[in-house]
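K.L.:
This is the structure I want to talk about, given as structure tokens.
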Amino acid sequence: MSVQARTRVPADEGAAGVWSRLRTGETGPLPLAGVLVLIGLVFQVLNPAFLSADNLVNLTQQSAATGVIALGVVLTLHLGQVDLSVGAVSGLAAAVVAVGSVRAGWPLVVAVLAALAVGVLVGLLYGSVHARIGVPSFVFTLAGLLVVTGLQLRVLGRTGSVNLPFQAWLVEFCQTAFLPAAVSWLLVAAVVVVYALVRVRDRARRVRADLAAPSWADVGLRVGALAVVLAVAVAYLGLDRGVGAMFALFVGLVVLCDVALRRTRWGRFVRAVGGDAEAARRAGVPLRRVFVTVFVACSTLAALGGVLAAGRLAAANQASGAVDVTLTAIAAAVIGGTSIYGGRGSAWSALLGILVIQSISTGLTLLTLDQSVRLVVTGLVLAGAVVLGALQRRARES
Amino acid sequence: MSTPPSRPARTPVLSLRGVSKSFGAARALVDVDLDVHRHEVVAVVGDTGAGKSTLVGVLSGALAPESGTVEVDGRPVTLSDPATARGLGIAAVFQDLALCANLDVVENLFLGQEPVRGPLLDEVAMERESWRLLGQLAARVPSVRVPVSALSSGQRRSVAIARALLGEPRVILLDEPTASLGLTQVAEFLTLVERLRERGHAVLVTSHSLSDLQAVADRIVVLRLGRTNGEFDADRVTYEDLLAAVTGVAR
Chain X
15 MSVQARTRVP
25 ADEGAAGVWS
35 RLRTGETGPL
45 PLAGVLVLIG
55 LVFQVLNPAF
65 LSADNLVNLT
75 QQSAATGVIA
85 LGVVLTLHLG
95 QVDLSVGAVS
105 GLAAAVVAVG
115 SVRAGWPLVV
125 AVLAALAVGV
135 LVGLLYGSVH
145 ARIGVPSFVF
155 TLAGLLVVTG
165 LQLRVLGRTG
175 SVNLPFQAWL
185 VEFCQTAFLP
195 AAVSWLLVAA
205 VVVVYALVRV
215 RDRARRVRAD
225 LAAPSWADVG
235 LRVGALAVVL
245 AVAVAYLGLD
255 RGVGAMFALF
265 VGLVVLCDVA
275 LRRTRWGRFV
285 RAVGGDAEAA
295 RRAGVPLRRV
305 FVTVFVACST
315 LAALGGVLAA
325 GRLAAANQAS
335 GAVDVTLTAI
345 AAAVIGGTSI
355 YGGRGSAWSA
365 LLGILVIQSI
375 STGLTLLTLD
385 QSVRLVVTGL
395 VLAGAVVLGA
405 LQRRARES
Chain S
-8 MSTPPSRPAR
2 TPVLSLRGVS
12 KSFGAARALV
22 DVDLDVHRHE
32 VVAVVGDTGA
42 GKSTLVGVLS
52 GALAPESGTV
62 EVDGRPVTLS
72 DPATARGLGI
82 AAVFQDLALC
92 ANLDVVENLF
102 LGQEPVRGPL
112 LDEVAMERES
122 WRLLGQLAAR
132 VPSVRVPVSA
142 LSSGQRRSVA
152 IARALLGEPR
162 VILLDEPTAS
172 LGLTQVAEFL
182 TLVERLRERG
192 HAVLVTSHSL
202 SDLQAVADRI
212 VVLRLGRTNG
222 EFDADRVTYE
232 DLLAAVTGVA
242 R
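Take a look at the structure:
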């Protein structure tokens, strides 16, 4: 039996292989990271302040809240569904935190938990209605957007705006909390070591099982690349205030979602249902549970995003979680490379997508161009991402 | 291998008693009785719309019957969903194969039955078992890590059959497996079915072709307009008898 021949990786290498993977979108998030670097260089040429450590720290901190919301959107897009109410849910969560802790006098922790519970409830409702009745999620969540926005206005009351005290831990966490340099470096070291161990152990198991295993060079390259990227980021942001606590939380959630999507049964079910729900059902995938858990995760992340936004603004008002937030979050997920057709994507698209959008926004602001240009440019980038996604889909099917 | 094929009065692995299923006004199955034993290949033939796919749907847990009982080893069971049927040792290869095109071969093979190590999937075990299963079927795929959308229709069918064999089910349902096959492929397929019978599986195969399955089947059950319209010993029945039963023409 030609075990060696069978276990060879197919002739995927070389320029032709790279091009075909680019064309069909099998390359993962790497090309987009390249685009991000390109955007950075262009803005740097136009305004030398862009790549300053100070500006990049601001950029990462401004990305976090909407990025967390975009992460939830990535999950629903994996099912081929979309939740149009994520912005509204984030606004309601912001209102609950502010009104609960300031007006009702709850401990801040309780207010935050209540806000997250709102997200869980909304998601439960969407998920079970979709799973049982099959209402298209984009209309049903549009209805949810209206209801939730109404609730947000009611919770905020007549003044329409509630300020959080600056000494509240949530505000400090979102505005002024940065990881101490030592902690950042310890985290980098821990992440690299864990990643290396996982890779090495995985390789050893594959070799023992007589399966195609990555070469030592490949393992080394990946571990080295991760170490370099993390070290450069931490060192450069460290020239200014360092890695923001809120941004670190966001990246942590992205990693968590990435592992859940790629390495757990739940994640596999999600991708299967997004690819072909009926085939997944007949293979024994519990459809209802998948729909409910994904919608709950999405709304809860939206609520968390709202809580973070309230902390960063030190206030909740009627504009919290406006339609703009929903659109930015969905745009980020799509620009990041998650397919709107379901079944394909990556948690990393939330991070990369929101960084692209926020870079464009910050870059144009530095060039003293106004909102109008920002909207047009972001819209064009989104259009480009959708067209690219559709072309890749077509290339895969042909 | 322990039970001789023709021992009388064996308990069937799977049997239907008076099973009916309608879709709106259309009665897809009417009062159907059917038994499948170990070491036995039962062919279900019938014209388009005779209820073959509905029968496979009911047996695999994908469709819920309106009335009648399904028995496994003589005990009545409720096949409320495909996972339950799998748990009872009933696996199906559907006519449309029911694979997720965006998932790779390994992911499809183990969908719904993934082995885990702690909270995480055991990819190594899955990949090794995938090669073993596909090797058993003499199936050639370029890699078990390519998405199913990149495979030919023959390779996809191999993946679907390999998935059905996963975990050694006792009953294997094959819905119209020969529909899109060339002559050589049909011959290969029949060899596979014979191997499954030798290994002790109970096999139920549907077809709208009267001749494809006769060589391999032990019994041929004819469905016509949702009803059982005759049950024949495959060795003795003539093409004319089958044709008459399938079309409902009196002879």
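Chains as they are written, first to last, in my numbering: chain X, 15 to 412; chain S, -8 to 242.
Even for Gly, the Cβ is constructed at its ideal location relative to N, Cα and C.
1) Is S:Ala89 near X:Asp290, with beta carbons less than 9 Å apart?
2) Quick one: which chain S residues come within Cβ less than 7 Å of X:Ala293?
3) State whether the region 240 to 255 of chain X contacts the region 225 to 232 of chain X, with contact taken as three or more CB pairs (one from each stretch) at a distance under 8 Å.
4) Indicate the three-state DSSP secondary structure (helix, strand or coil) for X:Ser375 in the structure shown.
5) Under the three-state reduction of DSSP, which class applies to S:Val4: helix, strand or coil?
6) Under 8 Å, with one C-beta from each stretch per pair, do the region 81 to 97 of chain S and the region 140 to 149 of chain S reach the 3-pair mark?
7) So with CB distances below 8 Å, who are the chain A contacts of S:Leu79?
8) Ordered along the chain, which non-local residues of its own chain (more than five positions away) have a Cβ less than 8 Å from that of X:Ala63?
9) Return the CA-CA distance between X:Gln76 and S:Ser171, expressed in angstroms with no decimal places.
10) Going by the CB atoms, is the gap between S:Ala225 and S:Ala34 shorter than 9 Å?
11) Along the chain, where does the beta strand (DSSP E) that runs through S:Leu234 open and close?
12) Cβ of S:Ser(-3) less than 9 Å from any chain X Cβ?
13) May I have the straight-line CA-CA distance separating X:Ser313 from X:Gly114, to the nearest angstrom?
14) Please confirm if X:Phe64 has its CB atom under 9 Å from at least one CB of chain S.
15) Do S:Ala53 and S:Lys85 count as a contact pair if the criterion is CB distance below 9 Å?
16) So, with DSSP's three-state summary, where would you put S:Glu57?
17) Does the region 90 to 109 of chain X come within contact of the region 160 to 174 of chain X, defined as at least 3 CB pairs closer than 8 Å?
18) Can you tell me whether X:Gln181 is buried or exposed, with buried defined as 16 or more other CB within 10 angstroms of its CB?
19) Determine, using beta carbons only, whether X:Thr74 and X:Gly258 come nearer to each other than 9 Å.
20) I'd like to know whether the C-beta atoms of S:Leu100 and S:Ala141 end up nearer to each other than 9 Å.
21) Restricting to Cα atoms, I'd like to know which of S:His28, S:Gly9, S:Ala16, S:Gln127 is closest to S:Pro3.
22) For X:Val400, I'd like the list of residues in its chain whose CB is within less than 8 Å of its CB, leaving aside the five on either flank, ordered along the chain.
23) Which residue marks the beginning of the alpha helix (DSSP H) containing X:Gly48, and which one marks its end?
24) Just checking my contact of X:Tyr140 with X:Phe283 at CB under 8 Å: how many whole Å lie between their CB atoms?
25) Any beta-carbon of chain X closer than 9 Å to the one on S:Ser51?
26) For a quick check, are the C-beta atoms of S:Leu181 and S:Ala155 less than 9 Å apart?
27) Comparing alpha-carbon positions, which option in X:Arg37, X:Thr340, X:Trp33 lies nearest X:Arg408?
28) Return no unless some Cβ of chain S is closer than 9 Å to the Cβ of X:Asp224.
29) Would you mind telling me which residues of chain S sit closer than 7 Å to X:Thr278, beta carbon to beta carbon, in chain order?
30) Mind checking the region 284 to 309 of chain X against chain S and listing, in chain order, the residues whose C-beta falls within less than 8 Å of any C-beta there?
31) Looking only at its own chain, which residues have a Cβ that is under 7 Å from the Cβ of S:Lys12, when we skip the five neighbours before and after it?
32) With respect to the alpha helix (DSSP H) encompassing S:Glu31, which residues constitute its N-terminal and C-terminal limits?
33) Do S:Leu25 and S:Ala193 have their beta-carbon atoms positioned less than 9 Å apart in this structure?
34) Please name the residue, chosen from S:Gly9, S:Ala41, S:Ala17, S:Leu233, that lies closest to S:Glu167 on a Cα-to-Cα basis.
P.N.:
Let's see:
1) yes
2) Ala89, Leu90, Cys91
3) no
4) helix
5) coil
6) yes
7) Reference to chain A is not applicable here, since the protein chains of this structure are X and S.
8) Asn69, Leu380
9) 56 Å
10) yes
11) From DSSP, S:Leu234 is part of no beta strand (DSSP E) but of the alpha helix (DSSP H) over 230 to 238.
12) Per-residue confidence for S:Ser(-3) stands at a pLDDT of 48, beneath the threshold of 50, marking its modelled position as unreliable; the derived number appears in the next sentence. No, S:Ser(-3) lies away from the interface with chain X (no Cβ there is under 9 Å from its Cβ).
13) 19 Å
14) no
15) Sequence inspection shows Phe at residue 85 of chain S; the Lys mentioned does not correspond to that position. Yes, the pair counts as a contact, with Cβ atoms nearer than the cut-off.
16) coil
17) yes
18) exposed
19) yes
20) no
21) S:His28
22) Val348, Ile354
23) 44 to 60
24) That pair is no contact at about 18 Å.
25) yes
26) no
27) X:Arg37
28) yes
29) Pro110, Leu111, Leu112
30) Arg285, Ala286, Gly288, Gly289, Asp290, Glu292, Ala293, Ala294, Arg295, Arg296, Ala297, Gly298, Val299, Pro300
31) Ala19, Leu20, Thr45, Val49, Leu54, Pro56, Glu57
32) Per DSSP, S:Glu31 belongs to no alpha helix (DSSP H); it is in the beta strand (DSSP E), 31 to 36.
33) no
34) S:Ala41
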